[in-house]
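Participant: Structure incoming, see below.
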Amino acid sequence: MAFDVDMIQRVYANLGERVEAARQAVGKPLTLSEKILYSHLFSGTPTQAFERGKAYVDFAPDRVAMQDATAQMALLQFMQAGRPQVAVPSTVHCDHLIQAEVGADQDLDVAKNKNKEVYDFLSSISNKYGIGFWKPGAGIIHQVVIENYAFPGGMMIGTDSHTPNAGGLGMIAIGVGGADACDVMAGLAWELKMPKLIGVKLTGKLSGWASAKDVILRVAGILTVKGGTGCIVEYFGEGAESLSATGKGTICNMGAEIGATTSIFAYDEKMADYLRATNRADIAEAAEGVKQHLRSDDEVYADPATYYDQLIEINLSELEPHINGPFTPDLAWPLSNFAKAVKENNWPERLEVGLIGSCTNSSYEDLTRSASVAEQAVSKNLKVRSEFTVTPGSELVRFTAERDGLLQTFENMGGVVLANACGPCIGQWARHMDDPTRKNSIITSFNRNFAKRNDGNASTHAFVASPEIVTALAIAGDLTFNPMTDTLTNEAGEQVKLDEPKGIEQPVKGYAVEDAGYQAPAEDGSGVQVIVSPTSDRLQLLAPFAAWEGTDLKRLKLLIKAKGKCTTDHISMAGPWLKYRGHLDNISNNMLIGAVNYYNEQTNSVKNQLTGEYGPVPTVQRAYKAAGIGSVVVGDENYGEGSSREHAAMEPRFLGVRAILVRSFARIHETNLKKQGMLALTFANPADYDKILEDDTFDINGLTGFAPGRPLEIVLNHADGTTDTFLANHTYNEGQIEWFKAGAALNIIRMKQNA
Ligand code: F3S
410 MAFDVDMIQR VYANLGERVE AARQAVGKPL TLSEKILYSH LFSGTPTQAF ERGKAYVDFA
470 PDRVAMQDAT AQMALLQFMQ AGRPQVAVPS TVHCDHLIQA EVGADQDLDV AKNKNKEVYD
530 FLSSISNKYG IGFWKPGAGI IHQVVIENYA FPGGMMIGTD SHTPNAGGLG MIAIGVGGAD
590 ACDVMAGLAW ELKMPKLIGV KLTGKLSGWA SAKDVILRVA GILTVKGGTG CIVEYFGEGA
650 ESLSATGKGT ICNMGAEIGA TTSIFAYDEK MADYLRATNR ADIAEAAEGV KQHLRSDDEV
710 YADPATYYDQ LIEINLSELE PHINGPFTPD LAWPLSNFAK AVKENNWPER LEVGLIGSCT
770 NSSYEDLTRS ASVAEQAVSK NLKVRSEFTV TPGSELVRFT AERDGLLQTF ENMGGVVLAN
830 ACGPCIGQWA RHMDDPTRKN SIITSFNRNF AKRNDGNAST HAFVASPEIV TALAIAGDLT
890 FNPMTDTLTN EAGEQVKLDE PKGIEQPVKG YAVEDAGYQA PAEDGSGVQV IVSPTSDRLQ
950 LLAPFAAWEG TDLKRLKLLI KAKGKCTTDH ISMAGPWLKY RGHLDNISNN MLIGAVNYYN
1010 EQTNSVKNQL TGEYGPVPTV QRAYKAAGIG SVVVGDENYG EGSSREHAAM EPRFLGVRAI
1070 LVRSFARIHE TNLKKQGMLA LTFANPADYD KILEDDTFDI NGLTGFAPGR PLEIVLNHAD
1130 GTTDTFLANH TYNEGQIEWF KAGAALNIIR MKQNA
């Protein structure tokens, strides 16, 4: 139905030749990650080696996936490219905007109502531009992707941090911002710093209560939340081959929690099983035909320390179940030590809620293992002490689990089945609690457990474990319960022990679904109207940014000289503003409101040079815009670090800022600014930052000769009539200078389409 066999065949047809060319270029045997990366170069067949951790490389991903929150601006921007269709297969998944409150059906109805304009927009724009649309209730992006689109040896980007989930099917899948998704859909290259590689050798075999989740909980404990930064984590060894594809997906999913670029497993029989079970026998067969390219070279496996930048070994036969937390996913506790840690740290022992499911852990195997524990609550006459919720990852899984009686088992133990959506995992949880400030504990099978993540309450201690451990602890209602060693007192006063969980990887009767919730796009979308209400405050069609006027820029006002750290969150704050992420004008009212004004040390208070009065940054900038006056934002080191939020680049451009002049940029933000046609400049001499005075106006000279490597000249006109002149550097290449001249990168694509 929803996958693209032709595209996959094309990838496989080139694979052997490209891998061989890469081997020649690199001059040594290749890891799996390198094979996939080098076979997806934007330039085609590899001709040179790229240094890991250093070189920036242009890639051509095979697919794009977007969730409904981030898809809005990505697609509004995509419209600017003027293309009739997306350049690569793409999908939209409505999963983030559904709040869990009562149960699946009611919650879904409420969400459909509340988010109608967003869903109508996403559905219509998907229909028009050839994008697969997964309706609200169809499932969580990563589960739907692994069921339908992921394939061994492929490369995809997705606008969500847990995109790496598709590594469970041997795909390099990387979480990105909406701007990157837009670029790839528009046919542009996608840039990534060549990742370093961490090898994780898995020996032995899981047994008893230990599951795939415990592998990543252990790895998180070893590597910590920063340990994977800039790296791909590649799992291999006989232990890897023993894990189901969805178990592998769980491990890759949570690689995001160690900061990894992505994680991946080599193609194996378990992946073939899953492909066949999910109606993709043809892809399994095609993968078989190129399987030597879907794993690292033998020399790598024989001597991994030589080929990976870091190597870790885990023996699955000895791996204990883990519980990680609270407040950070890398605080890893083997189950046998956990009760002691709870007591010593004075964490609330009473477990109030156990939540299973989410994109991380809602495979059929996960649900069967959990149900085998849940079933014992009834059969052993145990009173379930905690609330319990189940979030299926997709309608395919939910329908199949219902047919096979698993959901009934959860309901029998008092569980509530929530909509197939992110729900409590993203904080979309109207939790019923007497006092939200009360210290309390919950445990989930999700991935993130930062303060406030699930229910918005700073006092909630959230722990992360496998779904079967979550289920056992929910029955006990006690964080200190160890199902491997402890007994529980049942309603008859007897001491009973829970049996080990039993799972079934693929449903014996096969997967089934009545309505998967998929809307295929129109064959010819040219007549389809994109639905955006002109009175909407959540969505607004974009107008192209104006082209450069062809002259130097004169008499620009200083908008703000930001002091110290200025992340994309300071530039475009999240929280309540996310509601407006599809409405550039409205969300621009948060522009730079978190930045500290150098002159008064306050946030969101800058001098309006036209009136001499202080006002909020967006208000002052709108006053300049209304007066037809451009402005400059000055910043310190590493300006724009943090998430790659494209709004942080679009808002200043939209409100009429002409240049961002800083001591240094975070690279992604610098690139985002360039794409929006903004001047992104750095002080040639960082000390010149001190020359900027509050009442300055700027001239930026040299633009008519704007060229790679040639600095621009900045003239500061001070209020007392004196001037300072200094140089500003830039990193624009020829193509990026064209973006500036055209007003934005997408303007160029549109011009080419119209040519
Ligand atoms: Fe959604 Fe949570 Fe996954 S927010 S995409 S279920 S990490």
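Count along the sequence shown from 1, then add 409; that gives the number in this note's numbering.
Ideal placement from N, C-alpha and C gives every residue a C-beta, glycine not left out.
Taking the beta strand (DSSP E) that residue 963 belongs to, which residues open and close that run?
Facilitator: In the sequence shown, the residue the question calls residue 963 occupies position 554. Per DSSP, residue 963 belongs to the beta strand (DSSP E) from 962 to 970.
Participant: Name, in chain order, the residues that DSSP records as bridge partners for residue 1122.
Facilitator: Locating residue 1122 in the sequence shown gives position 713, counting from the first residue. Bridge partners of residue 1122: 1110 and 1136.
Participant: Can you give me the C-alpha to C-alpha distance between residue 410 and residue 537, rounded to a whole angstrom?
Facilitator: Numbered from 1 along the sequence shown, position 1 holds the residue referred to as residue 410. Numbered from 1 along the sequence shown, position 128 holds the residue referred to as residue 537. At residue 410 the pLDDT is 43, less than 50, meaning the model places this residue with poor confidence; the figure from the coordinates comes in the next sentence. For residue 410 and residue 537, the distance between alpha carbons rounds to 19 Å.
Participant: My guess is that residue 1121 and residue 1139 are in contact by the Cβ rule of under 8 Å, so how many angstroms apart are they, rounded?
Facilitator: Mapped onto the sequence shown, residue 1121 falls at position 712. Mapped onto the sequence shown, residue 1139 falls at position 730. Sure, about 7 Å apart at Cβ, within 8 Å.
Participant: Tell me residue 762's beta-bridge partners as DSSP assigns them.
Facilitator: Along the sequence shown, read from residue 1 onward, the residue named residue 762 stands at position 353. Beta-bridge pairing links residue 762 to 796 and 851.
Participant: Using DSSP with H/G/I as helix, E/B as strand and the rest coil, what is residue 465?
Facilitator: Against the sequence shown, residue 465 aligns to sequence position 56. In this structure, residue 465 counts as strand in the three-state DSSP scheme.
Participant: Runs of 3 residues minimum, wholly inside the stretch 822 to 898: which ones carry the beta strand (DSSP E) assignment?
Facilitator: Here the runs fully enclosed are 849 to 853 and 869 to 873.
Participant: Looking at the ligand F3S, does it come within less than 7 Å of residue 872, judged from the CB to the closest heavy atom?
Facilitator: Along the sequence shown, read from residue 1 onward, the residue named residue 872 stands at position 463. Outside the cutoff, so no.
Participant: With a cut-off of 8 Å, do at least 3 Cβ pairs link the stretch 809 to 819 to the stretch 478 to 494?
Facilitator: Short answer: they don't touch.
Participant: How about residue 702 and residue 564: do their beta carbons lie closer than 8 Å?
Facilitator: For the purposes of this step, residue 702 is taken as the residue at position 293 of the sequence shown. For the purposes of this step, residue 564 is taken as the residue at position 155 of the sequence shown. No, the pair does not count as a contact, with Cβ atoms beyond the cut-off.
Participant: Which residue's Cα is closest to the Cα of residue 635: 660, 932, 665 and 649?
Facilitator: To locate residue 635, count along the sequence shown from 1; it is residue 226. Comparing Cα-Cα distances from residue 635 to each of 660, 932, 665 and 649, the minimum goes to 665.
Participant: What does residue 643 pair with, by DSSP beta-bridge criteria?
Facilitator: To locate residue 643, count along the sequence shown from 1; it is residue 234. In DSSP, residue 643 forms a bridge with 608 and 673.
Participant: According to the neighbour-count rule (16 or more other Cβ atoms, all chains shown, within 10 Å of its Cβ), is residue 471 buried or exposed?
Facilitator: Counted from its first residue, the sequence shown places residue 471 at position 62. Label assigned to residue 471: buried.
Participant: Any contact between the stretch 612 to 625 and the stretch 723 to 738? By contact I mean 3 or more CB pairs, one from each, below 8 Å.
Facilitator: A contact exists between the stretch 612 to 625 and the stretch 723 to 738.
Participant: To the nearest angstrom, how far is it from the Cα of residue 1149 to the Cα of residue 956?
Facilitator: By one-based count along the sequence shown, residue 1149 stands at place 740. By one-based count along the sequence shown, residue 956 stands at place 547. If I take the Cα positions, the gap works out to 8 Å.
Participant: By the three-class DSSP mapping on this structure, what secondary structure does residue 410 have?
Facilitator: Locating residue 410 in the sequence shown gives position 1, where the first residue counts as 1. Because the pLDDT of residue 410 is 43, which lies under 50, any placement of that residue in the model is unreliable, and the question is left without a value.
Participant: Determine the closest residue to residue 819 out of 879, 832 and 844, with distance taken between C-alpha atoms.
Facilitator: One-based indexing of the sequence shown puts residue 819 at position 410. Here the closest residue by C-alpha is 879.
Participant: Is the CB-CB distance between residue 1179 and residue 587 below 8 Å?
Facilitator: Limits of the chain in this structure are 410 at one end and 1164 at the other, which puts residue 1179 out of reach.
Participant: In three-state DSSP terms, what is residue 927?
Facilitator: On the sequence shown, residue 927 is found 518 positions in, with the first residue counted as 1. Three-state result, residue 927: strand.
Participant: Using a Cβ-based criterion (distance less than 7 Å to any ligand heavy atom), does residue 834 qualify as near the ligand F3S?
Facilitator: Walking along the sequence shown from the start, residue 834 turns up at place 425. Correct: residue 834 has its Cβ closer than 7 Å to the ligand F3S.
Participant: What would DSSP say about residue 564, mapped onto helix, strand or coil?
Facilitator: Numbered from 1 along the sequence shown, position 155 holds the residue referred to as residue 564. Correct three-state label for residue 564: strand.
Participant: Closest to residue 426 by CA distance: which of 416, 456, 414 and 413 is it?
Facilitator: Within the sequence shown, the letter at position 17 stands for residue 426. Here the closest residue by C-alpha is 456.
Participant: Which class does residue 743 belong to by DSSP, given the choice of helix, strand or coil?
Facilitator: The residue you call residue 743 lines up with position 334 of the sequence shown. In this structure, residue 743 counts as strand in the three-state DSSP scheme.
Participant: My output table needs one value for residue 1091: the three-state DSSP class, helix, strand or coil.
Facilitator: Taking the first residue of the sequence shown as 1, we reach residue 1091 at position 682. Looking at residue 1091 - three-state DSSP - the assignment turns out to be strand.
Participant: State buried or exposed for residue 1119, treating a residue as buried only when at least 16 other CB atoms are found within 10 Å of its CB.
Facilitator: If you number the sequence shown from 1, residue 1119 lands on position 710. That one is exposed.
Participant: Which runs of the alpha helix (DSSP H) spanning at least 4 residues fall entirely within the stretch 565 to 601, listed in chain order?
Facilitator: With a minimum length of 4 residues, the continuous alpha helix (DSSP H) runs that stay inside the stretch 565 to 601 are 587 to 595.
Participant: According to DSSP, residue 548 sits in a beta bridge with which residue or residues?
Facilitator: Along the sequence shown, read from residue 1 onward, the residue named residue 548 stands at position 139. The partner list for residue 548 (beta bridge, DSSP) reads 803.
Participant: If contact is defined by three or more beta carbon pairs under 8 Å, each pair taking one atom from either stretch, is the stretch 827 to 837 in contact with the stretch 735 to 752?
Facilitator: Verdict: no, contact absent.
Participant: Counting beta carbon pairs with one atom in the stretch 748 to 758 and one in the stretch 870 to 888, are three or more of them shorter than 8 Å?
Facilitator: The stretch 870 to 888 vs the stretch 748 to 758: in contact.
Participant: Would residue 548 pass as a contact of residue 774 if the rule is Cβ separation under 8 Å?
Facilitator: Within the sequence shown, the letter at position 139 stands for residue 548. Within the sequence shown, the letter at position 365 stands for residue 774. No, Cβ-Cβ distance for residue 548 and residue 774 is not below 8 Å.
Participant: Where does residue 770 land, buried or exposed, given buried means 16+ other C-beta within 10 angstroms?
Facilitator: Working through the sequence shown from its first residue, we reach residue 770 at position 361. Buried.
Participant: My assumption, with CB atoms under 8 Å, is that residue 659 sits in contact with residue 683. Please give the rounded CB distance.
Facilitator: Translated into the one-based positions of the sequence shown, residue 659 becomes position 250. Translated into the one-based positions of the sequence shown, residue 683 becomes position 274. Rounded, the Cβ-Cβ distance is 13 Å, inconsistent with contact.
Participant: Let me know the alpha helix (DSSP H) ranges lying completely inside the stretch 1042 to 1108, each 4 residues or longer, listed in chain order.
Facilitator: Within the stretch 1042 to 1108, the complete alpha helix (DSSP H) runs of at least 4 residues are 1056 to 1064 and 1076 to 1084.
Participant: Going by C-alpha to C-alpha distance, which of 576, 667 and 677 sits closest to residue 738?
Facilitator: As a working mapping, residue 738 is identified with position 329 in the sequence shown. The option with the nearest alpha carbon to residue 738 is 667.
Participant: For residue 1104, which of 1135, 1155, 1051 and 1008 has the nearest alpha-carbon?
Facilitator: For the purposes of this step, residue 1104 is identified with residue 695 of the sequence shown, where counting begins at 1. Closest option to residue 1104, Cα to Cα, is 1008.
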